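Student: Per the working numbering, the very first residue in the sequence shown carries number 6; after that it's consecutive.
Note that the Cβ used here is the ideal one computed from N, Cα and C, for glycine as well.
None of these values were measured; they are calculated from a predicted model.
Just passing along the structure, written as structure tokens.
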Amino acid sequence: MKRLTYLLLCLFASIAFATAQTTKVTGTVISAEDDGPIIGASIVVAGTTTGTVTDYNGAFTLDVPSNAKKLIVSYIGMKSVEVAVKPIIKVTMESDSQNLDEVVVVGYGTQRKKDVTSAISKVGGEDLSNLATASFDSQLAGRAAGVQVTTPSGVLGSGPQFKIRGMSTISSNSQPLFIVDGMPIATGDNADGKTGLGMAYASYNAMSDINPNDIESIEILKDGAATAIYGSRAANGVVLITTKKGSKGRTQVTYDGYVSAASAAKLHDLLGAKDFVTIANEKYENWGMKGQAVYDPNGPDTNWNDYIFRTGFQHNHSLSASGGTDKSQYYVSLGFTEQEGIIRANDLNRLSLKADLTQQATKWLRIGLNGQMTRTRVNGVMNDENSLGGVGFAGTRMLPNVSVFNPDDPTGYNIDAENRKTLGRGSNLSYIDNGIQNIVWALDNNVNRTTNTRVLGGGWAEITFMDGLTLKTQAGLDISNVKDFMVWNPESGDGYGYGGLLEEINTTYTNWNWQNVINFNRTFNDVHNLTATAVQEYTHQEYEYTDATVQQISDAFFTDHIISNTFGERFVSGGKTFMGLASYMFRANYNYDSKYYIGASVRTDGLSSLPKDTRWGTFWGGSAAWRISREKFWSESTINDWFNDLRIRASYATIGNSDLGNYFPYLGTYGAKKAGSNTAIAWNRMGNSQLKWETTETFDIGLDGSFFNNRLTFELAYWQKNSKDLVLEVPTAPTAGIPYNSYFDNIGKIKNSGMELTVNATIIATKDWNWQTNFNFSTAKNTVKSLYGGTDIVDNYTIIREGESYRSLYGYDYYGVNAANGNPIWSKADGSLVQFDTFGSYDYAEYDPSNPSDVSKASSLDASDRKVLGSSMPTWYGGWNNTVSYKNFDLNVFFRFSGGNKIMNASRQSALFNMDFSNNGTEILGRWISPEQPGDGMTPKIGYGDASSLFNDGYTDSHFVESGNYLKLSTLALGYTLPKAVVSKLNMTKIRFYVQGQNLLTITGYSGLDPETNSRLGVDWNGMPQQRSFTFGANITF
6 MKRLTYLLLC LFASIAFATA QTTKVTGTVI SAEDDGPIIG ASIVVAGTTT GTVTDYNGAF
66 TLDVPSNAKK LIVSYIGMKS VEVAVKPIIK VTMESDSQNL DEVVVVGYGT QRKKDVTSAI
126 SKVGGEDLSN LATASFDSQL AGRAAGVQVT TPSGVLGSGP QFKIRGMSTI SSNSQPLFIV
186 DGMPIATGDN ADGKTGLGMA YASYNAMSDI NPNDIESIEI LKDGAATAIY GSRAANGVVL
246 ITTKKGSKGR TQVTYDGYVS AASAAKLHDL LGAKDFVTIA NEKYENWGMK GQAVYDPNGP
306 DTNWNDYIFR TGFQHNHSLS ASGGTDKSQY YVSLGFTEQE GIIRANDLNR LSLKADLTQQ
366 ATKWLRIGLN GQMTRTRVNG VMNDENSLGG VGFAGTRMLP NVSVFNPDDP TGYNIDAENR
426 KTLGRGSNLS YIDNGIQNIV WALDNNVNRT TNTRVLGGGW AEITFMDGLT LKTQAGLDIS
486 NVKDFMVWNP ESGDGYGYGG LLEEINTTYT NWNWQNVINF NRTFNDVHNL TATAVQEYTH
546 QEYEYTDATV QQISDAFFTD HIISNTFGER FVSGGKTFMG LASYMFRANY NYDSKYYIGA
606 SVRTDGLSSL PKDTRWGTFW GGSAAWRISR EKFWSESTIN DWFNDLRIRA SYATIGNSDL
666 GNYFPYLGTY GAKKAGSNTA IAWNRMGNSQ LKWETTETFD IGLDGSFFNN RLTFELAYWQ
726 KNSKDLVLEV PTAPTAGIPY NSYFDNIGKI KNSGMELTVN ATIIATKDWN WQTNFNFSTA
786 KNTVKSLYGG TDIVDNYTII REGESYRSLY GYDYYGVNAA NGNPIWSKAD GSLVQFDTFG
846 SYDYAEYDPS NPSDVSKASS LDASDRKVLG SSMPTWYGGW NNTVSYKNFD LNVFFRFSGG
906 NKIMNASRQS ALFNMDFSNN GTEILGRWIS PEQPGDGMTP KIGYGDASSL FNDGYTDSHF
966 VESGNYLKLS TLALGYTLPK AVVSKLNMTK IRFYVQGQNL LTITGYSGLD PETNSRLGVD
1026 WNGMPQQRSF TFGANITF
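So, in structure tokens, the structure goes:
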């Protein structure tokens, strides 16, 4: 409830009277929601400035002129109430979540929601605080129009992927700028590195350092007019996080806690022991080889999923205290969470401490301090796309006819006696191919740990020169010390060949920021409102690391730390980078009688990682709005009785992108090169002294309105973003005399456009029943407009091509299986058909449907036959949230949906077409066996060998390109609040218990683990399952 989490510092009204006679009025103001007192409610004599505010008991006393007839009672987030003047008054206020006077946070300040002329979405902290999650940012999915958030993995520590109104760059990512209490903070994967062997570290999401219970609200700035004030950092949008603050009143202590059980929502369907032996031996025998698998009906039939995955138990506790006086307010909180992941060995724990202090030092000076210290530890899992030791790869290939454990092995696990690196062979004649380790042993004995100690905070001082004119200076620091620690145990698996391996990386991220902000706000003649903001800001970022790797560990005992004289080989490296950003900004907004609005902003940024001649860039934005419902022809007509508010708004802006995909991309670099038998120094990459900002031009037009006294509101918008001067790698010209080299240049262009609809409604509002609903729907279209020389950028799965969406799926068009011989068939670019003569010439041959057995005519299937197979990015998405309450019960049901995209199910491709001696998915049971047993018509004849040659494994293939459409029941929660009469006897204010389920249902045509699971955009390759959780929690206020 807003009154418990947000306290408005009300302006004290003048209480001097022009006439001598007054009447004393006393009363109380309570909430209709729980009959609790409303602290800080404003009581004003109608038509005057005479008024007061309620105290911490919701009580007030006011001397009222004898001729006064009415009092107006108001409070942010509540519907205003008019009451007749009488000696004793009791006022009950109802919640008004769609109140147009609601205040929203904008860049470097706040505005009334009804005065905002740009595109801003707001998510309340109460929507996130009780959700069982390692990080709040993943829970933003579906809660705001134009904001697409996907969770690519259920592994604790992995972060979500953001796209706010599309993809605005090619060389970098789509992560927005995050601001916490005015301070830009480090985001992304703080453990996003590679080992010295090129293996990916376990993920660590920096946003998991923020306790969701400390969040008051989140505002998402979407269009250029809203984000232009952040200049070069705002190309991907801005997320403003406001944390909880202290408030006037007695100390209020709140406990929020839950316990939760999480399990995998879906797992791969893999072969059991009997089917595995059949398939494995068929692979060998089709090549004329002896089968290596042995089936023992009395032997093991191991479902490895039962050992790799688990039910993870999780608990979270948050204790906060807030209160204050007229001059001093405080908020402190302590949070602790401990979560077991759904994967064996994956866990996370976080301890956080936050404090916020505000002091009215003098009439003209306010000061404040805020700080947060967090220690987060994540035990992750190795899961690079094709990592032989990764859970996704090895977990789907474990032999089901062997056991996990072997009591006769020194380790107690089933490890092959001949090849100690691999899984034990059991009764089979051979051990598993590719040296794949016993994945359960690896999870129990290897370590992939990230520990982050983070301090985030600062101080500020605000001087009030006169009513409406303030100067605020603020300094903030975000410093993280991240320790990545990896152990490959020497006894088996990945570490066996190295004699054991330890790696420690100590990284320090330092980000400090200093802002000076002048704000002016004045209303003239009751109708002319002018606000202005001027900002000077400087940001400095540093990244420093030291990497130490040792091999040949003398004993497995010495694997807790790198210890001198316990290893054979060692490798040490390190580095340091830094960046500075200086900025100057001005913004002004004017409105006439809350009817006509105009706003503009301009910002100049200087970035140290660009050349001195181009490092300064200027970005600007403008917006305007017309509140039609304020015109007399509307307000005085009968339409105003039910159609209360209508406003049209538009904006245009230019914004920049300072994340250019590389530190100092304009600099040329040198390196050692061979020149015949000699070594010389030559270019690694040429420099470009003219490299400049990436720039995005944005346009937005919207229509906002409300019906039936704000019980139904809507926001409708069309937007467009045109990004230019995108930084791409360009080959050097032959005349440069540096063959096979490249440099960065401003070449690319990309366009995004779409529509957004948000509808909020109070469907039922009676004494006992209340039903509020929120629905949002967005469309997004992305088109690459220009590349260097029109040249495609292609990898194994996707393409960046002019005229197509960013990273469209790009691959071969699968036709099916030749029923005569079991060969796979594809369509070539010219429409002809080609088959791969798997068990004959082992090459491509033409396929003639009238003579399917003929493989005598040679053909080909090469890169020129690949085609665009669909967009990897959703073209529509949204969410639908419903909150229903009956007396003391409350029910929340939240759906989200997405679609219009395609997914390359590379996990399915790999599980089906794995032709090694290892396990497969059940789809392989539909293989072609003979003309009389043609199978499912899509799965060809199988054989032991190289699947990349047999079936284009490792490339996009239309047979595995599936629809990404889905509808999810994201949250279902039922709560009960104890009656106030019961709670008051316990000397408490509120006690609420709830049960909750998350990710309970997914309706989709996608056959993989989850349509959100991906290892890269549009590709699901060895991804991890999503969590499904059930939670019991309590909210208690003392």
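Looking at C-alpha atoms only, which residue of Val1000, Asp1015, Ile706 is the closest neighbour of Ser1034?
Tutor: If we check each option's Cα against that of Ser1034, Val1000 comes out closest.
Student: Check for me: the alpha helix (DSSP H) holding Gly429 runs from which residue to which?
Tutor: No alpha helix (DSSP H) contains Gly429, which DSSP labels as neither H nor E.
Student: So Gln180 and Asn241 are in contact, right, with Cβ under 8 Å, and what is the actual spacing, rounded?
Tutor: Contact flag correct, Cβ pair sits at about 6 Å.
Student: Assuming the contact rule is C-beta atoms closer than 8 Å, Ala537 and Arg592 should be a hit. Round their C-beta distance to whole Å, please.
Tutor: That belief holds up - the Cβ atoms of Ala537 and Arg592 are roughly 7 Å apart, short of 8 Å.
Student: Going along the chain, which residues of its own chain have a beta-carbon closer than 8 Å to the beta-carbon of Phe314, five neighbours each way excluded?
Tutor: Only Ser268, Ala269, Leu272, Ile347, Ile348, Arg349, Pro1030 meet the Cβ criterion.
Student: My parser needs the beta strand (DSSP E) runs of 3 or more residues fully inside the region 330-370; what are they?
Tutor: Counting only runs of 3 or more, we get 333-345, 352-365.
Student: Are there 16 or more other CB atoms within 10 angstroms of the CB of Asn1027, so buried, or fewer, so exposed?
Tutor: Looking at its Cβ environment, which holds 16 or more other Cβ atoms inside 10 Å, Asn1027 is buried.
Student: How would you write the range of the alpha helix (DSSP H) that Arg913 sits in, first residue to last?
Tutor: Element bounds for Arg913: 911-917.
Student: For the pair the region 219-234 and the region 403-417, tell me if three or more CB-CB distances fall below 8 Å.
Tutor: As far as the Cβ criterion goes, the region 219-234 does not touch the region 403-417, which means the pair count is below three.
Student: To which residues of the same chain is Ala51 closer than 6 Å at the C-beta, ignoring the five residues directly before and after it?
Tutor: Excluding sequence neighbours, Ala51 sits near Lys75, Ile77.
Student: Name the two residues that bound the continuous alpha helix (DSSP H) containing Asp650.
Tutor: No alpha helix (DSSP H) holds Asp650; the beta strand (DSSP E) holding it covers 648-662.
Student: With the cut-off set at 8 Å, would you say Ser818 and Ile908 are in Cβ contact?
Tutor: The amino acid occupying residue 818 in the given sequence is Asp; Ser does not appear at that position. Taking 8 Å as the Cβ cut-off, Asp818 and Ile908 do not qualify as a contacting pair.
Student: Do Thr564 and Leu507 count as a contact pair if the criterion is CB distance below 8 Å?
Tutor: Their beta carbons are under 8 Å apart, which means Leu507 touches Thr564 by this criterion.
Student: Name the DSSP beta bridge partners of His566, please?
Tutor: For His566, which the question treats as bridged, DSSP gives no partner whatsoever.
Student: Rounding to the nearest angstrom, what Cα-Cα distance links Asp848 and Ala298 in this structure?
Tutor: C-alpha separation (whole angstroms): 29 Å.
Student: Return helix, strand or coil for Ser1044, following the three-state DSSP convention.
Tutor: Absent from the model: residue 1044. The displayed extent of the chain is 6 to 1043, so no value can be given.
Student: Answer with buried or exposed for Gly1023, where buried requires no fewer than 16 other C-beta atoms within 10 angstroms of its C-beta.
Tutor: Flag for Gly1023 reads buried.
Student: Please classify Ser578 as buried or exposed, where buried requires at least 16 neighbouring CB atoms within 10 angstroms.
Tutor: Result: exposed.
Student: Please return the same chain residues whose Cβ sits closer than 6 Å to the Cβ of Ile996, not counting the five positions on each side in sequence.
Tutor: So the qualifying residues of the chain are Leu983, Val988, Ile1041.
Student: Please classify Gln695 as buried or exposed, where buried requires at least 16 neighbouring CB atoms within 10 angstroms.
Tutor: It is exposed - the Cβ of Gln695 has fewer than 16 other Cβ atoms within 10 Å.
Student: Check whether the region 553-572 touches the region 481-499, counting contact only when three or more Cβ pairs, one atom from each stretch, lie closer than 8 Å.
Tutor: At 8 Å Cβ cutoff, the stretches touch.
Student: Helix, strand or coil: which one does DSSP assign to Trp465?
Tutor: Strand, per DSSP.
Student: DSSP on Lys995, reduced to helix/strand/coil?
Tutor: Lys995 falls in the strand class under three-state DSSP.
Student: DSSP has Gly845 in a bridge; who is on the other side?
Tutor: Answer is none; Gly845 lacks a bridge partner.
Student: To the nearest angstrom, how far is the alpha carbon of Pro415 from that of Thr316?
Tutor: Those two C-alpha atoms are separated by around 29 Å.
Student: Quick one: complete beta strand (DSSP E) runs, 3+ long, within the region 657-728?
Tutor: DSSP runs (the beta strand (DSSP E)) wholly in the region 657-728: 674-680, 683-690, 699-712.
Student: Quick one: using the 10 Å Cβ neighbour count with 16 as the cut-off for buried, is Thr141 buried or exposed?
Tutor: The identity of residue 141 in the sequence shown is Phe, whereas the question assumes Thr. By the 10 Å Cβ count, Phe141 comes out buried.
Student: Can you give the beta carbon distance from Phe713 to Trp621, rounded, assuming they're within the 8 Å contact cut?
Tutor: That belief does not hold up - the Cβ atoms of Phe713 and Trp621 are roughly 51 Å apart, past 8 Å.
Student: In whole angstroms, what is the alpha-carbon distance linking Gly444 and Ser1012?
Tutor: The question names Gly, but residue 444 in the sequence shown is Ile. About 24 Å.
Student: What residue range does the alpha helix (DSSP H) around Asp280 cover?
Tutor: That run of the alpha helix (DSSP H) goes 278-291.
Student: Determine whether the beta carbon atoms of Gly429 and Ile420 lie at a separation below 8 Å.
Tutor: Yes, the Cβ-Cβ distance between Gly429 and Ile420 is below 8 Å.
Student: Kindly list the residues whose CB is nearer than 6 Å to the CB of Ile225, restricted to its own chain and excluding five residues on each side of it in sequence; keep chain order.
Tutor: Answer for Ile225: Ser126, Ala149, Val152, Val244, listed in chain order.
Student: DSSP three-state label for Gly931, please.
Tutor: Looking at Gly931 - three-state DSSP - the assignment turns out to be helix.
Student: Restricting to Cα atoms, I'd like to know which of Ser628, Leu717, Gly440 is closest to Asn649.
Tutor: It is Leu717.
Student: Do Asp750 and Val764 have their C-beta atoms within less than 8 Å of each other?
Tutor: No, these two residues do not count as a Cβ contact at 8 Å.
Student: Indicate whether at least one CB of chain C lies closer than 8 Å to the CB of Lys29.
Tutor: Reference to chain C is not applicable here, since this structure consists of a single protein chain.
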